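Throughout the sequence shown, residue numbering follows numbering that gives the first Met the number 0, covering 0 to 676 in sequence.
Ideal Cβ placement from N, Cα and C applies to all residues, glycine included.
These figures come from a predicted structure and were not determined experimentally.
What follows is a set of notes on a single structure, which appears directly below.
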Amino acid sequence: MIKKEKYILIVLLLFVLAAFIMVISLPREGQFKYQYQKGSPWMYDNLDATFDFPILKTEEELRLEREKISRHFTPYFFLKPDIEAVQLRTFTEDAAQAGLSDELQGKLLTLYKTIYGRGIMDNARYDELNPETGLAIVQGKMADKKALTEVFSLSSANDYFLSNLETLSRKEAGEMKSAGIDFSVFLVPNLLYDESTTLAVQSSSLQDISLTKGIVHTGQRIISKGEVVTGTTEQILNSLRAEYNSKIGFSGNITLLIVGQSLIIILSLFLLFILIQAIRPKLIHNTPELIFTLLLFVIVVSGSSIVYKIDPAALYLLPFPVIVLFMDSFFPTRFSLPLYIVFLIPLAVITDSYHIALINIIAGGVAIYVFRFWGRGWQQFLSALLVFIAYLFIDLAIHLISEGTLERLTWGVFRNYGVASILMIASYPLVFLFEKIFGFVSVSRLRDLADTGNKALRELSEKAPGTMQHSLQVANLAETAARTIGADALLCRVGALYHDIGKINNPQYFAENQTASFNPHSLLNPRESARIVIQHVEDGKKLAKKYSLPSLVSDFIETHHGRTRTEFFYTTWCNEGGDPLNVEDFTYDGQLPTTPEQVVVMLADAVEAACRSLKDYTPESISAMVNRMVRQRISEDQLQYAEITYRNVRRIENTLKVQIQEMYHSRITYPKRKRLK
């Protein structure tokens, strides 16, 4: 009783600790009490403004204003006079060496100075400029705005230079021609793009954009009851919500806010407790499973809260569906999915919207389904793609309901969904870390154990091939039977494959590995034979440790015979004059099955072995044998501790009958071909 009370206290402390962590992580902002969407009627009383607040511009309006500023922004260039000085000095030196007259040199220098004075720009940069915006030329601390036509590109500077040469006399033109100088090389761009100034001024202009476009005064009617929410009204309501949340965050009663948030978290945990009690009550008594469940709940709520405080839009980057994949790796789907939905309930408190919770509930359901088929290797990327498509369709559906148009789709959200889908498969390997920390057995681990090429099963196949075939048959029977009652089919298959692994040590003492010519039991008395046969359970437990099999699997070794007798040797012992009261030497010292999966493997093993002794495989004989083996296990109280209903036992029995009949169906006898005479 003391132990029970102590454990109840531990469970209570775990729930309280989880609640405390989640509450302190929640954002300390008031929540707008009205829910609305464009195109739907206003369901509340008439709404009047109780304080003045500005009307915020929409993201689309702000984007258009930013684009307009960027499109019509005047870029800045700085004029480098040293370029002109260097080029003119070089020209003077080259002209003197070529013997140009002083008068001609003077005319050409004047022309060069005129061109450099207006400014020369690189052709590519010149072509990029908008003629409507022009440019600003920085000289010292002053900036002079110019029209694009007032400056030269390198090409237009050369054209201007050549056109002015036509005013020279024939003698001067001949003198220039005979000089052998390329006069265009002295024209070099002296207007260079001033990136730092341009970006600084542009950033300042963007920051100067007003985020508002009007004001709603105290007492002004915002919307009346029953009135349809239009785009304009929605914008005003959004502005009211932003102002309301901002004001409550600073001037509201923080204590009452925390009390309200605490109640939501407590109620969510209470709902979690009810769900556990209804679907998986044993979880409350399993400390690692309980801690794991509460840890995931805390990760969802606290992680979302922290991200929301940094950037609300970043919530769409979080791979929420991976949480349900973590749970589905260790718990049944019928438990994992409802649990996941409960985890997402507090998101409505964090974000003041059902949007992200609804999207991730559906995406999580899709993730569970597709990972069953494409959850290994490169197929995980296919699963991520399907989850991404689910994200898109859900978001699109909600957008069409609220907007009724595709014009205001935010494509950046779709990018976030893509990132979330990739992060889902990138973070999925954490399931192996949880497996190690909490001692769980994941679906991935079970799949690896079900591979008949692994070391343990390969040794069984080599040393006891008959036992291996028996185990495969039992695995097929158990897997099918498990599905009929909703048990873990994969776990049943793995348990069946390893249940007789202890026969590796003495394979020749088991009928399935013996030849017709020799039976080693003929050299032993029944009690010695029973001891060797019974020993395979203990040997199996040792081999399970050797091959590091998880306890979830090794439990099948202990429970597949339960506390039954080796009937053949016990009956032989009695017939040969042995003491009938000496039952203990002929009884397996195993554990009774407690789970539906262990019951399935016990019955499948008993039925498969018994049906091998049938001489005639008719539906009647098979049905009678299956009935006898199942009734025997029930009458001997082998199932008394198992969490299974009589109805499900009957379902297992009927499934085994069908499966055994299919295994031993009659085959066509091929006629011999007559010889031609």
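In this structure, does DSSP put Met467 in helix, strand or coil?
Along the sequence shown, one-based indexing puts residue 467 at 468. If DSSP states are grouped into helix, strand and coil, Met467 belongs with the helices.
Helix, strand or coil for Phe249, going by three-state DSSP, please let me know.
Looking up residue 249 in the sequence shown gives position 250. With a pLDDT of 45 at Phe249, under the threshold of 50, the modelled position of this residue cannot be trusted; read the value that follows with caution. Three-state DSSP puts Phe249 in a helix.
Under the rule that 16 or more other beta-carbon atoms within 10 Å means buried, what is Ser470, buried or exposed?
Position 471 of the sequence shown holds residue 470. Under this definition Ser470 is a buried residue.
Have a look at the DSSP bridge pairing and note the partners of Thr49.
By one-based count along the sequence shown, residue 49 stands at place 50. BP columns for Thr49 are empty, so no partner.
What first and last residue would you give for the alpha helix (DSSP H) that runs through Gly364?
As a working mapping, residue 364 is identified with position 365 in the sequence shown. Taken as a continuous stretch (DSSP letters only), the alpha helix (DSSP H) holding Gly364 covers 354 to 372.
For Val323 and Arg335, believed in contact at Cβ under 8 angstroms, the rounded distance:
Counting from 1 along the sequence shown, the entry for residue 335 is found at position 336. Counting from 1 along the sequence shown, the entry for residue 323 is found at position 324. It should be noted that the sequence gives Ser, not Arg, for residue 335. Contact flag correct, Cβ pair sits at about 6 angstroms.
Let me confirm a value: Val493 is counted as buried when at least 16 other C-beta atoms fall within 10 Å, else exposed. Which label applies?
Translated into positions along the sequence shown, residue 493 becomes position 494. By the neighbour-count rule (16 or more Cβ atoms within 10 Å), Val493 is buried.
How should Arg444 be labelled, buried or exposed, when 16 other C-beta atoms within 10 angstroms of its C-beta is the threshold for buried?
To locate residue 444, count along the sequence shown from 1; it is residue 445. With 16 or more Cβ atoms within 10 Å of its Cβ, Arg444 is classed as buried.
Quick check on Leu153: does DSSP put it in helix, strand or coil?
Locating residue 153 in the sequence shown gives position 154, where the first residue counts as 1. Three-state result, Leu153: helix.
Three or more C-beta pairs below 8 angstroms linking the region 96 to 110 and the region 51 to 67:
no
Mind checking who Met120 pairs with in its DSSP beta bridge?
Looking up residue 120 in the sequence shown gives position 121. DSSP lists Ser152 as partners of Met120.
Could you tell me if Ala623 is buried or exposed, where buried requires 16 or more neighbouring beta carbons within 10 angstroms of its beta carbon?
Here the question's residue 623 lines up with position 624 in the sequence shown. The residue is exposed, with fewer than 16 neighbouring Cβ atoms inside 10 Å.
Around the Cβ of Trp572, are there at least 16 other Cβ atoms within 10 angstroms (buried) or fewer (exposed)?
In the sequence shown, the residue the question calls residue 572 occupies position 573. Flag for Trp572 reads buried.
Between Gln658, Asp93, Val184, Ala18, which has its C-alpha nearest Ile82's C-alpha?
Here residue 82 is taken as the residue at index 83 of the sequence shown, counted from 1. With distances taken between Cα atoms, Ile82 lies closest to Val184.
Residues of its chain near Phe249, where Cβ-Cβ distance is below 8 angstroms and the 5 sequence neighbours each way are ignored
Taking the sequence shown and counting its residues from 1, the one referred to as residue 249 is at position 250. Note on Phe249: pLDDT 45, under 50, position unreliable in the model; no value is reported.
Pick helix, strand or coil for Lys2, following the three-state DSSP scheme.
As a first step, residue 2 is located in the sequence shown; it is residue number 3 there, counting from the start. DSSP places Lys2 in helix when its eight states are reduced to three.
Residues bridged to Gln175 (per DSSP):
To locate residue 175, count along the sequence shown from 1; it is residue 176. It is Met, not Gln, that sits at residue 175 in the sequence shown. Met175 is not bridged to any residue.
Could you say which of Tyr497, Ser168, Thr211, Pro40 lies nearest to Leu55 if we only look at CA atoms?
As a working note, residue 55 is residue 56 in the sequence shown. Leu55 has its Cα closest to that of Thr211, out of Tyr497, Ser168, Thr211, Pro40.
Under the three-state DSSP convention, the category Gln201 falls into:
On the sequence shown, residue 201 is found 202 positions in, with the first residue counted as 1. Gln201: helix per DSSP, three-state reduction.
Would you kindly check if the distance between the Cβ of Leu190 and the Cβ of Gly118 is under 7 angstroms?
Here residue 118 corresponds to residue number 119 of the sequence shown, with the count starting at 1. Here residue 190 corresponds to residue number 191 of the sequence shown, with the count starting at 1. Result yes, Cβ atoms of Gly118 and Leu190 sit closer than 7 angstroms.
Measuring CA to CA, which of Asn504, Lys656, Pro280, Ala477 is closest to Glu642?
Walking along the sequence shown from the start, residue 642 turns up at place 643. Nearest C-alpha to Glu642: Pro280.
Jot down the residue ranges of each uninterrupted alpha helix (DSSP H) in the region 280 to 331, minimum 4 residues, whole runs only, in chain order.
286 to 309, 320 to 329
Between Val137 and Asp143, what straight-line distance do the alpha-carbon atoms span, to the nearest angstrom?
Residue numbering aside, residue 137 sits at position 138 when the sequence shown is read from its first letter. Residue numbering aside, residue 143 sits at position 144 when the sequence shown is read from its first letter. Distance between the alpha carbons of Val137 and Asp143 is about 6 angstroms.
Can you tell me whether Val625 is helix, strand or coil according to DSSP?
Within the sequence shown, residue 625 is the residue found at index 626, counting from 1. Val625 falls in the helix class under three-state DSSP.
For Leu472 and Asp487, what's the separation of their Cα atoms in angstroms?
Within the sequence shown, numbered from 1, the residue matching residue 472 stands at position 473. Within the sequence shown, numbered from 1, the residue matching residue 487 stands at position 488. The sequence as given places Gln at residue 472; Leu does not occur at that position. Cα to Cα, the separation comes out at about 17 angstroms.
Gln260 (DSSP reduced to helix, strand or coil):
Working through the sequence shown from its first residue, we reach residue 260 at position 261. Three-state DSSP puts Gln260 in a helix.
Express the C-alpha separation of Ile367 and Thr332 in angstroms, rounding to a whole number.
For the purposes of this step, residue 332 is taken as the residue at position 333 of the sequence shown. For the purposes of this step, residue 367 is taken as the residue at position 368 of the sequence shown. Distance between the alpha carbons of Thr332 and Ile367 is about 8 angstroms.
Cβ-based burial, Ala146 [other Cβ within 10 Å; buried from 16]:
Here the question's residue 146 lines up with position 147 in the sequence shown. Burial call: exposed.
In this structure, how does DSSP classify Thr593 when only helix, strand and coil are distinguished?
Sequence index remark: in the sequence shown, residue 593 carries index 594 (1-based). Three-state result, Thr593: coil.
Mind reading off the beta-carbon distance from Leu476 to Glu607? Whole number of angstroms is fine, and I expect it under 8 angstroms.
Working through the sequence shown from its first residue, we reach residue 476 at position 477. Working through the sequence shown from its first residue, we reach residue 607 at position 608. The pair is a contact, with the Cβ atoms about 6 angstroms apart (cut-off 8 angstroms).
I'd like to know if the region 576 to 584 and the region 547 to 558 are in contact, where contact means that at least 3 CB-CB pairs between them fall below 8 angstroms.
no
Would you kindly check if the distance between the Cβ of Val600 and the Cβ of His498 is under 7 angstroms?
Counted from its first residue, the sequence shown places residue 498 at position 499. Counted from its first residue, the sequence shown places residue 600 at position 601. In contact: His498 and Val600 (Cβ atoms closer than 7 angstroms).
With a Cβ-Cβ cutoff of 7 angstroms, do Leu690 and Pro130 count as a contact?
Nothing about residue 690 can be reported from this structure: the residues present for the chain run from 0 to 676 only.
Name, in chain order, the residues that DSSP records as bridge partners for Ile214.
If you number the sequence shown from 1, residue 214 lands on position 215. According to DSSP, which records beta bridges pairwise, Ile214 is partnered with Pro53.
Please tell me whether Thr563 and Phe585 are closer than 7 angstroms, where the distance is taken between their beta carbons.
Here residue 563 refers to the residue found at position 564 when the sequence shown is read from its first residue. Here residue 585 refers to the residue found at position 586 when the sequence shown is read from its first residue. No. Outside cutoff.
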